[in-house]
Amino acid sequence: METTTMRESRTATARRRPSPHRRLRLFLRQRLRQDQGMTTSEYAMGTIAACGFAAVLYKIVNSDVVSSGLQSVIGRALDASF
């Protein structure tokens, strides 16, 4: 009859693969831990990029060529017969 000690039993248990649920938890915990501290800087960079894009669009839309083109399109749409 073969007997195992407590230490051997724990070692054998520790070698088993973790359950899928535990692996998912470990994976998510690791991913979330890697992203800590990045949300503020990412948010700031996204805000700066959005403001820059808005400024460029504002300049383009307020230019004489685009403004007259938009007025022309809107005028034709309002004058269209249904």
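Per the UniProt record's numbering, the sequence shown starts with residue 1, numbered consecutively.
Note that CB positions come from ideal geometry on N, CA and C, so glycine has one too.
query	result
Per-residue DSSP class, three states only, for residue 63	coil
Residues of its chain near residue 123, where Cβ-Cβ distance is below 7 Å and the 5 sequence neighbours each way are ignored	Residue coverage of the chain in this structure runs from 1 to 82, which leaves residue 123 outside it and unanswerable.
C-alpha gap between residue 65 and residue 53, whole angstroms	19 Å
Under the three-state DSSP convention, the category residue 20 falls into	helix
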